[in-house]
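Below you'll find the structure, written out as C-alpha coordinates, and then a few comments.
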Amino acid sequence: MPRLYHATRRDLPLNQAIIGQERTTKPIDLEFDARRPEDVTPRSRALFSSDDPAFAFVYLMAECAICRGQLLLYEVDMPCATKHPMILVSHAQRFLRMPATLEQIITEYWNPTCEWKCWEYLGDAMTPTADEVMPDIFMQAGAKHRYGEDLVLARQLWPCPAPA
1 MPRLYHATRR DLPLNQAIIG QERTTKPIDL EFDARRPEDV TPRSRALFSS
51 DDPAFAFVYL MAECAICRGQ LLLYEVDMPC ATKHPMILVS HAQRFLRMPA
101 TLEQIITEYW NPTCEWKCWE YLGDAMTPTA DEVMPDIFMQ AGAKHRYGED
151 LVLARQLWPC PAPA
(Lines of atoms letter the chains of each structure in order from A; the text may use other names.)
(Lines give C-alpha, C1' and ligand atoms only; values in the text may rest on other atoms or scores of the structure.)
Protein backbone atom coordinates (compact mmCIF):
# COMPACT_ATOMS: atom_id res chain seq x y z
CA MET A 1 0.00 0.00 0.00
CA PRO A 2 1.43 3.42 -0.87
CA ARG A 3 1.64 6.26 1.61
CA LEU A 4 -1.84 7.77 1.92
CA TYR A 5 -2.99 11.27 2.84
CA HIS A 6 -6.24 12.72 4.15
CA ALA A 7 -7.13 16.41 4.12
CA THR A 8 -9.75 17.73 6.52
CA ARG A 9 -10.95 20.78 8.40
CA ARG A 10 -10.98 18.82 11.66
CA ASP A 11 -8.07 18.40 14.01
CA LEU A 12 -7.50 14.63 14.19
CA PRO A 13 -5.67 12.88 17.04
CA LEU A 14 -2.59 11.01 15.85
CA ASN A 15 -2.42 7.23 16.21
CA GLN A 16 -6.13 6.87 17.04
CA ALA A 17 -8.32 4.92 14.63
CA ILE A 18 -11.27 6.67 13.00
CA ILE A 19 -14.15 4.46 11.87
CA GLY A 20 -16.34 5.42 8.91
CA GLN A 21 -19.96 6.22 9.78
CA GLU A 22 -23.05 5.81 7.60
CA ARG A 23 -24.05 9.22 6.26
CA THR A 24 -26.43 10.85 3.86
CA THR A 25 -25.00 10.60 0.38
CA LYS A 26 -25.57 12.07 -3.03
CA PRO A 27 -27.74 10.11 -5.50
CA ILE A 28 -24.64 9.29 -7.57
CA ASP A 29 -23.04 7.59 -4.56
CA LEU A 30 -26.11 5.38 -4.21
CA GLU A 31 -25.68 4.33 -7.86
CA PHE A 32 -22.04 3.42 -7.22
CA ASP A 33 -22.82 1.60 -3.96
CA ALA A 34 -25.54 -0.47 -5.64
CA ARG A 35 -22.94 -1.86 -8.06
CA ARG A 36 -19.92 -2.21 -5.78
CA PRO A 37 -18.16 -5.51 -5.16
CA GLU A 38 -19.23 -7.06 -1.86
CA ASP A 39 -15.76 -6.87 -0.32
CA VAL A 40 -15.40 -3.09 -0.85
CA THR A 41 -16.45 -0.41 1.62
CA PRO A 42 -19.55 1.46 0.36
CA ARG A 43 -19.06 5.13 -0.47
CA SER A 44 -21.89 5.93 1.94
CA ARG A 45 -19.69 5.06 4.93
CA ALA A 46 -16.18 5.19 3.49
CA LEU A 47 -13.31 7.33 4.64
CA PHE A 48 -11.33 8.75 1.73
CA SER A 49 -7.64 9.35 1.16
CA SER A 50 -5.22 9.90 -1.72
CA ASP A 51 -1.73 8.70 -2.55
CA ASP A 52 -0.86 12.31 -3.50
CA PRO A 53 -0.79 14.83 -0.63
CA ALA A 54 -1.21 17.76 -3.02
CA PHE A 55 -4.26 16.17 -4.59
CA ALA A 56 -5.83 15.43 -1.20
CA PHE A 57 -5.36 19.07 -0.26
CA VAL A 58 -6.59 20.50 -3.59
CA TYR A 59 -9.66 18.27 -3.53
CA LEU A 60 -10.63 19.50 -0.05
CA MET A 61 -10.11 23.11 -1.17
CA ALA A 62 -12.47 22.51 -4.11
CA GLU A 63 -15.07 20.82 -1.91
CA CYS A 64 -14.86 23.68 0.60
CA ALA A 65 -14.65 26.56 -1.86
CA ILE A 66 -16.26 28.90 0.66
CA CYS A 67 -14.88 27.24 3.79
CA ARG A 68 -13.34 29.36 6.45
CA GLY A 69 -10.80 28.16 8.93
CA GLN A 70 -7.98 25.71 8.87
CA LEU A 71 -7.28 22.99 6.35
CA LEU A 72 -5.19 20.15 7.73
CA LEU A 73 -3.30 17.35 6.01
CA TYR A 74 -2.39 14.02 7.58
CA GLU A 75 -0.55 10.92 6.53
CA VAL A 76 -2.90 8.04 7.32
CA ASP A 77 -2.78 4.28 7.61
CA MET A 78 -5.64 2.48 5.84
CA PRO A 79 -4.76 -1.22 5.70
CA CYS A 80 -7.97 -2.31 3.95
CA ALA A 81 -8.29 0.58 1.47
CA THR A 82 -9.24 0.01 -2.16
CA LYS A 83 -8.04 2.21 -5.05
CA HIS A 84 -10.43 3.94 -7.49
CA PRO A 85 -10.20 6.67 -10.16
CA MET A 86 -11.39 9.90 -8.54
CA ILE A 87 -12.70 11.61 -11.70
CA LEU A 88 -15.31 8.96 -12.47
CA VAL A 89 -17.79 9.85 -9.73
CA SER A 90 -18.21 13.44 -10.88
CA HIS A 91 -18.13 12.42 -14.56
CA ALA A 92 -20.83 9.78 -13.99
CA GLN A 93 -23.27 12.41 -12.69
CA ARG A 94 -23.76 13.56 -16.30
CA PHE A 95 -25.06 10.10 -17.24
CA LEU A 96 -27.75 9.45 -14.62
CA ARG A 97 -30.35 9.24 -17.40
CA MET A 98 -28.15 7.02 -19.59
CA PRO A 99 -28.04 3.70 -17.70
CA ALA A 100 -25.80 1.80 -20.14
CA THR A 101 -23.09 4.47 -20.05
CA LEU A 102 -23.47 4.92 -16.30
CA GLU A 103 -22.95 1.18 -15.88
CA GLN A 104 -19.71 1.32 -17.93
CA ILE A 105 -18.34 4.19 -15.86
CA ILE A 106 -19.22 2.53 -12.56
CA THR A 107 -17.64 -0.74 -13.72
CA GLU A 108 -14.42 1.12 -14.55
CA TYR A 109 -14.50 2.83 -11.15
CA TRP A 110 -14.74 -0.41 -9.16
CA ASN A 111 -12.39 -2.38 -11.45
CA PRO A 112 -10.12 0.14 -13.20
CA THR A 113 -8.46 -0.84 -16.46
CA CYS A 114 -7.28 2.56 -17.70
CA GLU A 115 -4.16 4.57 -16.78
CA TRP A 116 -5.70 7.09 -14.37
CA LYS A 117 -3.56 9.66 -12.55
CA CYS A 118 -5.69 10.72 -9.54
CA TRP A 119 -6.82 7.97 -7.22
CA GLU A 120 -9.06 7.94 -4.19
CA TYR A 121 -8.69 5.21 -1.62
CA LEU A 122 -11.80 4.04 0.23
CA GLY A 123 -11.74 2.25 3.53
CA ASP A 124 -13.89 1.74 6.58
CA ALA A 125 -11.16 2.95 8.96
CA MET A 126 -8.08 5.13 9.00
CA THR A 127 -5.46 6.07 11.55
CA PRO A 128 -3.76 9.46 11.22
CA THR A 129 -0.04 8.79 11.74
CA ALA A 130 1.61 12.14 11.03
CA ASP A 131 0.85 15.82 10.44
CA GLU A 132 1.90 16.88 6.96
CA VAL A 133 3.10 20.19 5.57
CA MET A 134 0.67 21.83 3.19
CA PRO A 135 1.70 21.43 -0.46
CA ASP A 136 3.10 24.53 -2.10
CA ILE A 137 1.41 26.27 -5.03
CA PHE A 138 3.47 24.32 -7.59
CA MET A 139 2.51 20.96 -6.10
CA GLN A 140 -1.13 22.07 -6.07
CA ALA A 141 -0.93 23.14 -9.72
CA GLY A 142 0.56 19.75 -10.63
CA ALA A 143 -2.30 17.97 -8.85
CA LYS A 144 -4.88 20.06 -10.71
CA HIS A 145 -3.13 19.31 -14.02
CA ARG A 146 -3.17 15.54 -13.39
CA TYR A 147 -6.89 15.72 -12.51
CA GLY A 148 -7.47 17.59 -15.77
CA GLU A 149 -5.70 14.82 -17.67
CA ASP A 150 -8.08 12.30 -16.09
CA LEU A 151 -11.04 14.45 -17.12
CA VAL A 152 -9.80 14.43 -20.73
CA LEU A 153 -9.52 10.64 -20.64
CA ALA A 154 -13.01 10.24 -19.10
CA ARG A 155 -14.49 12.50 -21.79
CA GLN A 156 -12.73 10.49 -24.52
CA LEU A 157 -14.12 7.24 -23.18
CA TRP A 158 -17.60 8.59 -22.40
CA PRO A 159 -18.30 11.88 -24.22
CA CYS A 160 -20.59 14.21 -22.31
CA PRO A 161 -24.20 14.26 -23.52
CA ALA A 162 -25.42 17.44 -25.19
CA PRO A 163 -27.32 19.79 -22.84
CA ALA A 164 -31.09 19.31 -22.92
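Letter by letter, the sequence shown follows residues 1 to 164 in our numbering.
Even for Gly, the Cβ is constructed at its ideal location relative to N, Cα and C.
Quick caveat, the model's predicted, so the values are computed rather than measured.
Output needed for residue i: all residues of its chain with C-beta closer than 8 Å, excluding positions within five of it in sequence on either side, in chain order.
i: leucine 30; result: Ser44
i: arginine 23; result: Ser44 and Arg45
Can you find the residues in the same chain that come closer than 7 Å, C-beta to C-beta, to residue i, ignoring five residues on each side of it along the sequence?
i: serine 70; result: Correcting the residue type first, residue 70 is glutamine in the shown sequence and not serine. So the qualifying residues of the chain are Arg9.
i: methionine 139; result: Ala54
i: tryptophan 119; result: Ser50, Asp51, Lys83, His84, Pro85 and Met86
If you follow the alpha helix (DSSP H) that residue i is in, where does it begin and where does it stop?
i: proline 99; result: 99-110
Below 8 Å on the Cβ atoms is my guess for residue i versus residue j; work out the distance and round it to an integer in Å.
i: tryptophan 14; j: threonine 129; result: Before going further, note that residue 14 is leucine rather than tryptophan in the sequence given. 6 Å between Cβ atoms; contact.
i: proline 99; j: leucine 73; result: The pair is not a contact, with the Cβ atoms about 38 Å apart (cut-off 8 Å).
i: glutamate 75; j: glutamate 132; result: 6 Å
i: cysteine 160; j: arginine 97; result: Not really, about 13 Å apart at Cβ, beyond 8 Å.
i: leucine 4; j: aspartate 39; result: In fact, because the Cβ distance is near 19 Å, the residues do not count as touching under 8 Å.
i: tyrosine 192; j: methionine 78; result: Given that the chain is displayed from residue 1 to residue 164, the structure contains no residue 192 and the question cannot be resolved.
I'd like to confirm the pairing. Which residues does DSSP put opposite residue i in its beta bridges?
i: valine 76; result: Leu4 and Pro128
i: proline 85; result: Trp119
Please list, in chain order, all residues of the same chain as residue i whose beta carbon is under 6 Å from its beta carbon, the five residues on each side excluded.
i: tryptophan 116; result: Pro85 and Asp150
i: isoleucine 19; result: Ala125
i: aspartate 33; result: Pro42, Arg43 and Ser44
i: histidine 91; result: Ala154
Practice item. Starting from the N-terminal side, write out each stretch of the alpha helix (DSSP H) that is 4 residues or longer and does not extend beyond the stretch 8-71. Key: 27-34 and 53-63
Review point. Fully enclosed by the stretch 115-150, which beta strand (DSSP E) runs are 3 residues long or longer?
Key: 119-123 and 125-131
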